[in-house]
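What follows is one structure encoded as structure tokens, with my remarks underneath.
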Amino acid sequence: MGLMESLFDLTYLVLVIGMGVRLLLEKNKNAKLFGIMAVLLGAGDAFHLLPRVISHLSPGGFEAHALALSYGKMVTGITMTIFYVLYYFYYREITKDSDNKKKWMILLLAAVRIVLVLLPQNNWGSGGSYTMGIVRNIPFLIMGILLMIWSYKKKYFDGLRYMSLLIFLSFLFYVPVVLWVDKVPALGALMMPKTVAYVFIVVGGFNHFIRDFKGANLLNMAITYGVMGLCGGVFYREFTKYYGFNVGTHLGKLHVHTLVLGMVVTILFYLLVRNLDEESLANLKKPLNIYNFGLIFTVANMMLIGIYEVVSKGTAAVNQAAMDGVSGIGHIFLGIRMIYTMVIIKKITEDITLKN
């Protein structure tokens with residue numbers, strides 16, 4: 000279970016941050032706002048999820064990383080609050096709802112929530128406080144309810160269609176964890192469907208702003224992979240430096256795979272299809288999207304194995320064969336999708352040649 004949760008968490012982080020970076024490349028200011036939301040969501044959650052991944056993969060387990068897990072939860076509490084503040088401004092721009100009472104309600108609730116999160120009574124770094132866990136989430140829940148109601152009333156606006164439902168689901172899965180996870184630890188599993196709800200929120204914004212599939216999309220995709228590849232290189236350097244790890248690891252291959260299979264391959268795709276019309280390009284959207292997900296899954300697997308190599312200290316904290324097997328499936332899937340995409344490009348160009 001720990002292995003699958005870790006892979007899920009890493010895939011989620013790479014996916015939402017990647018979509019956020021891609022949205023930041025759009026000219027539309029609302030797309031950039033949503034991109035900031037997505038990057039903040041992923042970066043903030045990383046403070047809590049990466050310690051969880053490390054805990055699952057290391058012999059010390061969760062007890063050895065209690066401090067990082069605790070403060071990671073604090074950081075995530077703040078970034079999630081800011082995420083919903085930014086969502087409100089996204090809602091405001093989309094609907095042109097200029098009611099300042101709503102704005103000040105959200106800002107006030109966010110300020111109260113952040114202050115409550117920062118109070119020493121939370122006992123961050125130690126066992127935490129069950130009471131403060133409830134208290135600090137009250138303004139957060141009120142924020143969620145307000146945004147849910149307002150989004151539902153404006154659901155006919157393009158870009159808000161399913162947002163109220165997704166916000167509702169995220170809190171539906173989150174509240175039981177806050178209230179009862181200390182008594183029923185299995186409820187912690189509800190954080191995974193909560194995370195899925197957030198993924199769909201980001202996907203909803205992504206699809207709203209990036210609809211038409213043009214050659215420029217491939218260039219922006221290549222830039223996104225370039226940024227993610229550089230981030231992967233920084234993560235490898237700093238993570239291994241922190242642990243004093245000087246032996247080869249899969250983390251060292253992370254940036255190379257992302258730059259080559261992501262940026263370089265996407266540029267090659269662009270060079271092959273740049274002269275195609277929009278109708279022909281549209282046929283490439285689905286296979287390329289599947290290829291992108293395959294690459295994201297492969298990168299997440301590589302991160303998983305690399306982190307394990309660094310933190311396991313030579314012990315068998317997880318099933319190595321299972322981890323290698325999942326990674327192998329990811330590579331096979333990626334290879335098949337690459338070949339399939341090339342076949343589609345070949346077919347499209349042949350059809351155009353026949354027409355001419």
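Residue numbers (numbering that gives the first Met the number 0): 0 to 355. From the three backbone atoms N, C-alpha and C, an ideal C-beta is built for every residue, glycine too.
Exercise. Given that a residue counts as buried once 16 or more other Cβ atoms are within 10 Å of its Cβ, and exposed if not, what is Arg135?
Worked result: buried
For this session: With a 10 Å radius around its C-beta and 16 neighbouring C-beta atoms as the bar for buried, classify Asn206 as buried or exposed.
Result: exposed
Problem set entry | Unbroken alpha helix (DSSP H) run spanning Met227, endpoints | Gly214 to Tyr242
Problem set entry | Span of the alpha helix (DSSP H), counted from its first residue to its last, around Asn136 | Asn136 to Lys152
Exercise. Which whole-angstrom value is the C-beta distance of Leu146 and Tyr87, which I expect to be below 8 angstroms?
Worked result: 6 angstroms
Problem set entry | Residue from Gly127, Leu14 and Lys153 whose Cα sits closest to the Cα of Asp96 | Lys153
For this session: For the segment 297-311 and the segment 9-23, state whether three or more C-beta atom pairs, one from each stretch, are separated by less than 8 angstroms.
Result: yes
Exercise. Which residue from Arg21, Thr10, Leu2 and Phe82 puts its Cα closest to that of His55?
Worked result: Leu2
For this session: Would you tell me roughly how many angstroms separate the C-alpha atoms of Gly132 and Pro184, rounded to the nearest one?
Result: 15 angstroms
Exercise. Anyone know if the C-beta pair for Asn27 and Phe156 falls short of 8 angstroms?
Worked result: no
Problem set entry | the segment 334-346 touching the segment 276-286, judged by at least three CB pairs closer than 8 angstroms | yes
Exercise. Rounded to a whole number of angstroms, what is the C-alpha to C-alpha distance between Ile93 and Gly158?
Worked result: 7 angstroms
Problem set entry | Presumed contact (8 angstroms Cβ cut-off) between Met190 and Gly225, rounded CB distance | Rounded, the Cβ-Cβ distance is 32 angstroms, inconsistent with contact.
For this session: Sort Lys102, Ile331 and Arg91 by Cα distance to Phe292 and report the nearest one.
Result: Ile331
Exercise. Using the beta-carbon count (16 or more within 10 Å), is Ala221 buried or exposed?
Worked result: buried
Exercise. Taking Cβ positions, are Tyr90 and Ser150 nearer each other than 8 angstroms?
Worked result: yes
Problem set entry | Spatial distance of Lys312 from Ser57 (CA atoms) | 8 angstroms
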